[in-house]
Amino acid sequence: MVNPTYLKYVNLKYKPKYSDLIVSAYLEPANNIDFKEAAGAVAAESSVGSWTEVKTTKPEIWKMSAKVFEISGNWIKIAYPIELFESGNMAQIFSSICGNIFGMKEIKNLRIEDVHWPEKIMKSFKGPLFGIPGVRRITRVKDRPLCGTIIKPKIGLNHKEHAKVAYTAWIGGIDIVKDDENLTSQTFNKFEKRVRETLKLKWKAEKETGEKKIYLPNITAETKEMIKRMNFVKEIGGEAVMIDVITVGWSGLQTVREENENLKLILHGHRAMHAAFTRNKRHGISMHVIADACRLIGIDQLHIGTAVGKMEGSKEEIISLGEEIEKSIIKPHGHILAEEWGKIKPVFAVCSGGLHPLHVPELIKMLGKDIIIQAGAGIHGHPGGTLVGAKAMRQAIEATIQGIELKEYAKTHKELKAAIEKWG
């Protein structure tokens, strides 16, 4: 029997208001459950409703209910009145639109694919402090992708060994060096010692190369400890930090962004753990939605995957995160990280995960120049080691920007030639 309570939340004649938050989702009902009932169950549970009528529901409360206003195959669109949300509170917003709904018995599979953010909600968040324009200004790199690397092995090096690898990559042509997602302040490599030593060699590399270099220490920890680490980085002359945006949570991320209003550090977002709920294309939450939230809160750089490296992610999904497409529910909605969002600055898309120099032409073709091409083993695993691997990656970028095929460029650049021989 169809639950009539849930059907009240389906109104295919409803015209969304400009102020509505709108969710686009893929839905598969559980066995023997009517599709409209399942859709209405999602709208009810994520707004004002329950599984049955309750005597405490007043007419003015009913006006705040979410409404399924479009059904197309397995796809639904739900409009949420703005009154349902607390401005500037990303945790509350996600508790609403992504809360209990994934565990409802009426649902077999449910994937939140996209969110249209109303202007009032967007304005309640700070957005990136620097974004693409600010990071380019700091690095002084204007007309090519930035080139980054991760210290490898992921963990195990002591602070001096870590700093030496970073220095070697920088003098080879790398712009940005970062910690990996699981290196914070272990006994073999304490945070303070690592940051001091690595920054010392960063400044040395800058003097020797004449180029601006950036180091991204991983501050991920309990919120008060993250703030302590941010302040330490700033005090000793650092300009940027990295944070695992999913594992610290939206509230932790917002606290970091609030603290950064005074510290003014570049915030680099690593998406560790995202695939637990973004990988299944029929259930969970898309990376699009995660990217939106990170941008609104204020991350300057965000990992998006590669489509050509080791991490899962379709080419279409990666392109939609880094290049302009139309994906709006109500109006043309540009690319996720760099579309026009008023005061909200565009975010640098970070391509990372199994990359090496031969991937560079396809990445730039797919995503353009406003990306950070970040390779770990693709640099440190070069036959000539980190220094030569860094040179090969930089050469691949230079060749691609100049419109020269890598094999042709390799004829006069032995480092790139060796990379082609290894990975070609």
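Mapping to numbering that gives the first Met the number 0: the sequence shown position 143 is 142, numbers consecutive. Backbone N, C-alpha and C define an ideal beta-carbon position, used for all residues, glycine too. Just so we're clear, the structure is a prediction, and the values are computed from it rather than from any experiment.
Please report the distance separating the alpha-carbon of residue i from that of residue j.
i, j, result
"valine 41", "tyrosine 5", "8 angstroms"
"arginine 281", "arginine 256", "32 angstroms"
"threonine 222", "asparagine 259", "13 angstroms"
"serine 18", "tryptophan 61", "17 angstroms"
"glycine 297", "threonine 197", "26 angstroms"
"leucine 20", "lysine 189", "44 angstroms"
"alanine 204", "lysine 413", "22 angstroms"
"glycine 209", "leucine 405", "26 angstroms"
"methionine 241", "tryptophan 422", "29 angstroms"
"proline 58", "valine 22", "24 angstroms"
"glutamate 160", "methionine 272", "27 angstroms"
"isoleucine 318", "isoleucine 106", "Residue confidence is low: isoleucine 318 scores 48 on pLDDT, short of 50, so the model does not pin down where it sits. Its coordinate-derived value is still stated next. Straight-line Cα distance between these residues: approximately 30 angstroms."
"aspartate 179", "isoleucine 154", "8 angstroms"
"glutamine 394", "leucine 357", "11 angstroms"
"glycine 48", "glycine 388", "57 angstroms"
"lysine 233", "tryptophan 202", "15 angstroms"
"phenylalanine 231", "histidine 302", "25 angstroms"
"lysine 35", "lysine 192", "58 angstroms"
"glycine 367", "isoleucine 403", "16 angstroms"
"methionine 310", "valine 288", "Here methionine 310 scores only 46 on pLDDT, less than 50, and its place in the model should not be relied on; the value that follows carries that caveat. Taking the straight line joining both Cα atoms gives about 19 angstroms."
"glutamine 401", "isoleucine 363", "12 angstroms"
"methionine 229", "glutamate 397", "34 angstroms"
"valine 114", "glutamate 69", "14 angstroms"
"histidine 158", "aspartate 33", "59 angstroms"
"isoleucine 335", "methionine 286", "10 angstroms"
"serine 123", "glycine 251", "17 angstroms"
"glycine 98", "methionine 365", "34 angstroms"
"isoleucine 419", "alanine 168", "19 angstroms"
"methionine 103", "tyrosine 79", "19 angstroms"
"threonine 484", "arginine 135", "Residue 484 is absent from the structure shown; the chain starts at 0 and stops at 423."
"proline 152", "asparagine 31", "51 angstroms"
"threonine 411", "glycine 380", "21 angstroms"
"glutamate 224", "leucine 109", "36 angstroms"
"methionine 121", "lysine 342", "9 angstroms"
"isoleucine 245", "leucine 415", "36 angstroms"
"asparagine 261", "glycine 133", "16 angstroms"
"serine 184", "leucine 156", "12 angstroms"
Since residue i and residue j are thought to touch, with beta carbons under 8 angstroms apart, how far apart are those beta carbons, to the nearest angstrom?
i, j, result
"histidine 267", "leucine 182", "Not confirmed; about 14 angstroms, so no contact."
"serine 46", "serine 64", "5 angstroms"
"alanine 417", "proline 360", "No, alanine 417 and proline 360 are not in contact; Cβ-Cβ is about 18 angstroms, not under 8 angstroms."
"phenylalanine 129", "aspartate 369", "With a Cβ gap of about 13 angstroms, phenylalanine 129 and aspartate 369 do not count as contacting."
"valine 346", "alanine 337", "7 angstroms"
"isoleucine 265", "isoleucine 137", "7 angstroms"
"valine 9", "valine 67", "4 angstroms"
"methionine 89", "alanine 292", "6 angstroms"
"isoleucine 77", "alanine 43", "The pair is not a contact, with the Cβ atoms about 10 angstroms apart (cut-off 8 angstroms)."
"isoleucine 371", "leucine 354", "Wrong, their Cβ atoms sit about 11 angstroms apart, outside the cutoff."
Is the beta carbon of residue i sitting closer than 9 angstroms to the one on residue j?
i, j, result
"isoleucine 75", "alanine 29", "no"
"isoleucine 150", "glycine 375", "yes"
"glycine 377", "glycine 304", "no"
"isoleucine 111", "isoleucine 96", "yes"
"valine 164", "threonine 399", "no"
"arginine 294", "tryptophan 340", "yes"
"asparagine 73", "leucine 26", "yes"
"threonine 277", "valine 247", "no"
"lysine 344", "proline 127", "yes"
"isoleucine 92", "phenylalanine 101", "no"
"isoleucine 235", "valine 194", "yes"
"leucine 200", "alanine 239", "no"
"serine 86", "lysine 125", "no"
"valine 140", "lysine 206", "no"
"asparagine 217", "aspartate 243", "yes"
"glycine 426", "alanine 290", "In the structure as shown, the chain begins at 0 and stops at 423. Residue 426 is therefore absent and cannot be evaluated."
Closer than 8 angstroms is the cut-off here; do at least three beta carbon pairs connect the region 143-155 with the region 167-175? yes
Mind pulling the beta strand (DSSP E) runs of 3 or more residues that sit fully within the region 270-311? 300-302
Give, in chain order, every unbroken run of the beta strand (DSSP E) that is at least 3 residues long and sits entirely within the region 114-166. 145-149
Which runs of the alpha helix (DSSP H) fall wholly inside the region 79-118 and span at least 4 residues, in chain order? 89-96
Ignoring anything shorter than 4 residues, give me the alpha helix (DSSP H) runs that lie fully in the region 198-275, in order along the chain. 222-234 and 244-262
In the region 340-414, which residue ranges form an unbroken alpha helix (DSSP H) of at least 4 residues, counting only runs that do not cross its ends? 359-366, 376-379, 385-400 and 405-409
Mind pulling the alpha helix (DSSP H) runs of 4 or more residues that sit fully within the region 20-64? 34-44 and 58-61
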